[in-house]
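Engineer: Attaching a single structure in structure tokens format; questions to follow.
Number of protein chains: 2
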Amino acid sequence: MAAARAQPAGPMKRPLPQEAAGELLGLLAELAAFSAPGPGVTRLLYTPEWCGAQHFLQERMAELGLEVRMDQVGNVYGRLTGSEPDGKVILTGSHIDTVVNGGRYDGAYGVAAAVTALHYLRMAFGQPLRTLEVVSFCEEEGSRFPLTFWGSGNVTGLYNGSEAAGYADAEEITLAEAMAACGLGAGVSAVRDAQFAGLAGDAGDAALGRRLIDEVPAAAASVEPESGRGFTGSAVRSDIAAYVELHIEQGITLERSFRSIGVVQAIAGQRRYLVKVSGTANHAGTTPMSLRQDALAGSAELLLALERSAVAEGDPLVATAGRLEVYPGTPNVIPGEVQFTLDIRHSQAETLERFCAALLAEFAELSGRRGLTLAVQPVLATLPAPMDQGLCTALEDICRQQGKPYRSMVSGAGHDAQLFAPRCPSAMIFVPSRAGISHSPEEYTSPEDLTAGLEVLTAMLYRLAYTDNGDTVT
Amino acid sequence: MAAARAQPAGPMKRPLPQEAAGELLGLLAELAAFSAPGPGVTRLLYTPEWCGAQHFLQERMAELGLEVRMDQVGNVYGRLTGSEPDGKVILTGSHIDTVVNGGRYDGAYGVAAAVTALHYLRMAFGQPLRTLEVVSFCEEEGSRFPLTFWGSGNVTGLYNGSEAAGYADAEEITLAEAMAACGLGAGVSAVRDAQFAGLAGDAGDAALGRRLIDEVPAAAASVEPESGRGFTGSAVRSDIAAYVELHIEQGITLERSFRSIGVVQAIAGQRRYLVKVSGTANHAGTTPMSLRQDALAGSAELLLALERSAVAEGDPLVATAGRLEVYPGTPNVIPGEVQFTLDIRHSQAETLERFCAALLAEFAELSGRRGLTLAVQPVLATLPAPMDQGLCTALEDICRQQGKPYRSMVSGAGHDAQLFAPRCPSAMIFVPSRAGISHSPEEYTSPEDLTAGLEVLTAMLYRLAYTDNGDTVT
Chain W
1218 MAAARAQPAG
1228 PMKRPLPQEA
1238 AGELLGLLAE
1248 LAAFSAPGPG
1258 VTRLLYTPEW
1268 CGAQHFLQER
1278 MAELGLEVRM
1288 DQVGNVYGRL
1298 TGSEPDGKVI
1308 LTGSHIDTVV
1318 NGGRYDGAYG
1328 VAAAVTALHY
1338 LRMAFGQPLR
1348 TLEVVSFCEE
1358 EGSRFPLTFW
1368 GSGNVTGLYN
1378 GSEAAGYADA
1388 EEITLAEAMA
1398 ACGLGAGVSA
1408 VRDAQFAGLA
1418 GDAGDAALGR
1428 RLIDEVPAAA
1438 ASVEPESGRG
1448 FTGSAVRSDI
1458 AAYVELHIEQ
1468 GITLERSFRS
1478 IGVVQAIAGQ
1488 RRYLVKVSGT
1498 ANHAGTTPMS
1508 LRQDALAGSA
1518 ELLLALERSA
1528 VAEGDPLVAT
1538 AGRLEVYPGT
1548 PNVIPGEVQF
1558 TLDIRHSQAE
1568 TLERFCAALL
1578 AEFAELSGRR
1588 GLTLAVQPVL
1598 ATLPAPMDQG
1608 LCTALEDICR
1618 QQGKPYRSMV
1628 SGAGHDAQLF
1638 APRCPSAMIF
1648 VPSRAGISHS
1658 PEEYTSPEDL
1668 TAGLEVLTAM
1678 LYRLAYTDNG
1688 DTVT
Chain R
1218 MAAARAQPAG
1228 PMKRPLPQEA
1238 AGELLGLLAE
1248 LAAFSAPGPG
1258 VTRLLYTPEW
1268 CGAQHFLQER
1278 MAELGLEVRM
1288 DQVGNVYGRL
1298 TGSEPDGKVI
1308 LTGSHIDTVV
1318 NGGRYDGAYG
1328 VAAAVTALHY
1338 LRMAFGQPLR
1348 TLEVVSFCEE
1358 EGSRFPLTFW
1368 GSGNVTGLYN
1378 GSEAAGYADA
1388 EEITLAEAMA
1398 ACGLGAGVSA
1408 VRDAQFAGLA
1418 GDAGDAALGR
1428 RLIDEVPAAA
1438 ASVEPESGRG
1448 FTGSAVRSDI
1458 AAYVELHIEQ
1468 GITLERSFRS
1478 IGVVQAIAGQ
1488 RRYLVKVSGT
1498 ANHAGTTPMS
1508 LRQDALAGSA
1518 ELLLALERSA
1528 VAEGDPLVAT
1538 AGRLEVYPGT
1548 PNVIPGEVQF
1558 TLDIRHSQAE
1568 TLERFCAALL
1578 AEFAELSGRR
1588 GLTLAVQPVL
1598 ATLPAPMDQG
1608 LCTALEDICR
1618 QQGKPYRSMV
1628 SGAGHDAQLF
1638 APRCPSAMIF
1648 VPSRAGISHS
1658 PEEYTSPEDL
1668 TAGLEVLTAM
1678 LYRLAYTDNG
1688 DTVT
């Protein structure tokens, strides 16, 4: 391994070779093969497909010269230790899980690109000044258990795994049972071997799996072998100096504006509500129009007010009623009650707060005029997560240096990066999603755009880990 | 039995005695006891409760001096034969079935009042000039099988029972099987006895049931004993000179206008449609407002157009979207498709036609402006059924003579009378429904209003069957 030498800030001396793009595309295809049957990619937390993918990544990263390990909840790391003694880590990656019948890019792209970037950086520049780590988070989507951001949430302290051990999936399998089936949790070393042997298909790999899992940091040593109900010990890390995540946009902003790269300024905060509008169910034939309290007609007025207000507020505010149910829901009965969901997002906390307050006030006024009763239940409130301005500026510099068309933007979707943003300088790089489609087998990003994202990520990691500029993030 | 004598037109010589009101209320209470468990009254076609009620009615009418019989589909008749030889019949009654957890007045009131009226008329005036018959139709609601107006439909030729024999209820019991369980259909005389014995609770009543069923008119003699799959023979009647139905309003028009009696001028025609609005499902966080094709926001605009147009058209037009479903129906996904039902009613065919055409044109325009695709599927179209103007005038005369506050009105709900209206002079009398509520255990009409309706019905039947005025309807 070459000796670590501090480089002056500036472009990487050697640009990413053509092979790196091929390596990235190959890795994406290999990961996509770990899927339950059906269209697209289905890789739910702690399923055999998921175990297979995380095992495969550990093997591949080990082959590429990284030190690998899996933490207590199944996050996988690949490490390239730096020469500086402070122990701080530049972390990059994304999540390995998918929704049911999802695509091959959401999450997996950020992981595969991080692996490729570290491989190339190690080959081209040897040991970095600052430690670089790839992370493949075990779970972000919350598709099997109601545990969105389970992977990054355990790393940042949002979750304490043992509290969630009783959560059950649609088949009444608890989180603890699902973890045990993957060889996670306590007192299950035999299961671990069997699991990895089963996935890898021969006994030799069982030993590899064993080795990979045993390479846990000190914190994990507190796992209690006698606990069969969940797991103990913490996956929390306090050594992260910066977090950089590359991800597909999952929207149409980049495609519509003909940009290859999005530099995310903030991840939008969300407010979710359940709205109930109550009127009077009555006979559709015998109740004159003037004597109705039709909960659906009233809700239609609220939905149009929602749309009108959101358009008037302007980008990046988005507001959606995605689910709506009518009671009793019979063709010849005037609806007596309607329930619908609200999902409202903006990058600035004050704007989000003001918009929601004004909207709900308008809802109350419109309902009152019709003699309808309104009940609004807050369901979720997350704060916007601003990305680090220094890192954003660095990403914009890199795009200009590489001659890539880019734009600043807000992420309307949630990402693992929003959990790191309050704790360390964090950044996100977006690449276009064709037609804005994601969470679908139709999800697609062109090889050119995938490569562009890899090039920007690699240059950013070079700057953070190999040059003096990296100091700005510690 | 007193000899039949033609009376001059005018009020009945002897008004209805106090006991008649008590008899009506008692009969309603007795009928309400024939119900499946649960709130309110549940008496679905061809269930044990239904069989019990029709059997009870036959017994009671026989006791009151009427000739009783049940036809091939389970309609029950009670006859007071007139002295005139033309064989024409003045028919009065309603239906005995209910919705699930319905009330005790919808349908049953018209049957119980008809029985009470004929009892009183026979006692007070003896044999009529024209034959009077009570009918208790087996089915109007269509709550067990998709066979709305099954009872009156078989009498008027809308249905041919054997074609519908394969219809199944929610528990996959076919109509033919359900009929056989009630002793209807062919080759089931043993079942008949057992059925009626079971309902009546002792062997003596089985003989009565046997006798009642065997008193079928000539047409029913064609029932084929070897057919086990349905029934043959016809319940159609061509001897009806007039049909008069007393019913609760099921609306709030009478209550709001402080009238005891509604003289129905017409039963509204109905158009039903299934509307499908298609847009593009997309991520609620990453899709800017300006780039959406939100099927629910678009549908909200259509629903408000529906309400606005109906209010502008004015009474008696009513328009309702009672069921609406959103796909995929997830809080964080912009709705890609919405389906909703339309139920539009008016008493005049031309108005209904014009309104629907204009509305659907507006729907198409509004959808098109948003880039949404509209598909409209007609589901039902019934013509308005005007009541006989001579009978309406006679009812208004009677209300004035009796000093009862009344109003002319349109029935927005469907009734058995609409099947007779194209075939013979037909009339409907409404009494108030408290708060307009029906199809509910809360259904209620005061004893005073129930009695008022009975008095008007009795006077009307007297006029039709005992006086020279009756000639106007033949």
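As you go down the protein sequences, you meet chains W and R in turn.
Here the working numbering is used: position 204 in the first sequence is 1421, and no number is missing along the way.
Here the working numbering is used: position 412 in the second sequence is 1629, and no number is missing along the way.
Idealized CB from N, CA, C, for every residue including glycine.
#1: Going straight from the alpha carbon of R/Pro1302 to that of R/Leu1349, what length do you get?
#2: Identify which residue in W/Val1480, W/Gly1299, W/Thr1599, W/His1272 has its Cα closest to the Cα of W/Leu1308.
#3: Given a cut-off of 8 Å on the beta-carbon distance, is the pair R/Val1332 and R/Arg1277 in contact?
#4: Between R/Pro1363 and chain W, is the shortest Cβ-Cβ distance under 8 Å, so that the two count as touching?
#5: Just by C-beta distance, which residues in the segment 1495-1506 of chain R are closer than 7 Å to chain W?
#6: Taking the straight line between their C-alpha atoms, what separation do you get for R/Asp1288 and R/Val1555?
#7: Please tell me whether W/Arg1188 and W/Val1372 are closer than 8 Å, where the distance is taken between their beta carbons.
#8: Can you tell me which of the three DSSP states R/Glu1394 falls into?
#9: Under the three-state reduction of DSSP, which class applies to R/Arg1454: helix, strand or coil?
#10: Any beta-carbon of chain R closer than 8 Å to the one on W/Asp1532?
#11: Please list the residues of the segment 1513-1532 of chain W that have a C-beta atom closer than 9 Å to any C-beta atom in chain R, keeping them in chain order.
#12: For W/Ala1341, which option in W/Ala1237, W/Cys1268, W/Glu1389 has the closest C-alpha, if you only look at C-alpha atoms?
#13: Taking DSSP as the reference, what is the three-state secondary structure of W/Gly1310?
#14: Thinking C-beta only, is W/Met1677 closer than 8 Å to W/Gly1479?
#15: What beta strand (DSSP E) runs, 3 residues minimum, are completely inside the segment 1477-1509 of chain R?
#16: Taking the alpha carbon of W/Ala1652 as the point to measure from, which residue in W/Lys1305, W/Glu1466, W/Leu1281 has its own alpha carbon closest?
#17: Find the residues of chain W that neighbour R/Ala1485, judging by a C-beta separation of less than 8 Å, and give them in chain order.
#18: Grouping DSSP H, G and I as helix and E and B as strand, with all else coil, what is W/Glu1284?
#19: Who are the near neighbours of R/Leu1608 in its chain, counting only those whose CB is closer than 6 Å to its CB and skipping five residues on each side?
#20: Quick check: is the beta carbon of R/Gly1421 nearer than 8 Å to any beta carbon in chain W?
#21: Using a beta-carbon distance below 8 Å, is W/Asp1560 in contact with chain R?
#22: Report the residues of the segment 1533-1549 of chain R with a CB closer than 9 Å to any CB of chain W, ordered along the chain.
#23: Hey, does R/Ser1696 have any beta-carbon neighbour from chain W nearer than 8 Å?
#24: Do we get a CB-CB distance below 8 Å when we pair R/Gln1467 with the residues of chain W?
#25: With 8 Å set as the bound, which would you pick, yes or no: does the beta-carbon of R/Leu1678 sit closer than that to a beta-carbon of chain W?
#26: Does R/Leu1636 get closer than 8 Å to chain W when you measure Cβ to Cβ?
#27: My output table needs one value for W/Tyr1326: the three-state DSSP class, helix, strand or coil.
#28: Whole angstroms are fine: how far does the CA of R/Ile1390 sit from the CA of R/Ala1382?
#29: DSSP three-state label for R/Gly1404, please.
#30: Among all the DSSP beta bridges, which residues are the ones paired with R/Tyr1294?
#31: Would the segment 1458-1478 of chain R count as touching the segment 1660-1671 of chain R if we require 3 or more Cβ pairs under 8 Å?
#32: Shortest alpha-carbon distance to R/Tyr1294 belongs to which of R/Thr1264, R/Leu1335, R/Asn1318?
#33: According to DSSP, simplified to helix, strand and coil, what is R/Glu1542?
#34: So the beta strand (DSSP E) R/Phe1647 belongs to, where does it begin and stop?
#35: Tell me where the alpha helix (DSSP H) around W/Glu1570 begins and ends.
#36: In terms of residue numbering, what span does the beta strand (DSSP E) encompassing R/Asp1560 cover?
Structural biologist: According to the data block:
#1: 13 Å
#2: W/Gly1299
#3: yes
#4: no
#5: Asn1499, His1500, Ala1501, Gly1502, Thr1503, Thr1504, Pro1505, Met1506
#6: 45 Å
#7: This structure cannot settle anything about residue 1188 of chain W, because the visible part of chain W is limited to 1218 through 1691.
#8: helix
#9: coil
#10: yes
#11: Leu1513, Ala1514, Ser1516, Ala1517, Glu1518, Leu1519, Leu1520, Leu1521, Leu1523, Glu1524, Ala1527, Val1528, Glu1530, Gly1531, Asp1532
#12: W/Ala1237
#13: strand
#14: no
#15: 1478-1484, 1486-1495
#16: W/Glu1466
#17: Gly1502
#18: strand
#19: Pro1642, Ala1644
#20: Legend: pLDDT at R/Gly1421 = 31, less than 50; position of this residue unreliable, value from coordinates given subsequently. Closer than 8 Å: no.
#21: yes
#22: Pro1533, Leu1534, Val1535, Ala1536, Thr1537, Ala1538, Gly1539, Arg1540, Leu1541, Glu1542, Val1543, Pro1545, Gly1546, Thr1547, Pro1548, Asn1549
#23: Since the first and last residues shown for chain R are 1218 and 1691, residue 1696 of chain R lies out of range.
#24: yes
#25: no
#26: no
#27: helix
#28: 10 Å
#29: No answer about R/Gly1404 holds up, because its pLDDT of 31 lies below 50 and its placement is not dependable.
#30: R/Arg1286, R/Val1352
#31: yes
#32: R/Leu1335
#33: strand
#34: 1643-1648
#35: 1566-1586
#36: 1554-1563
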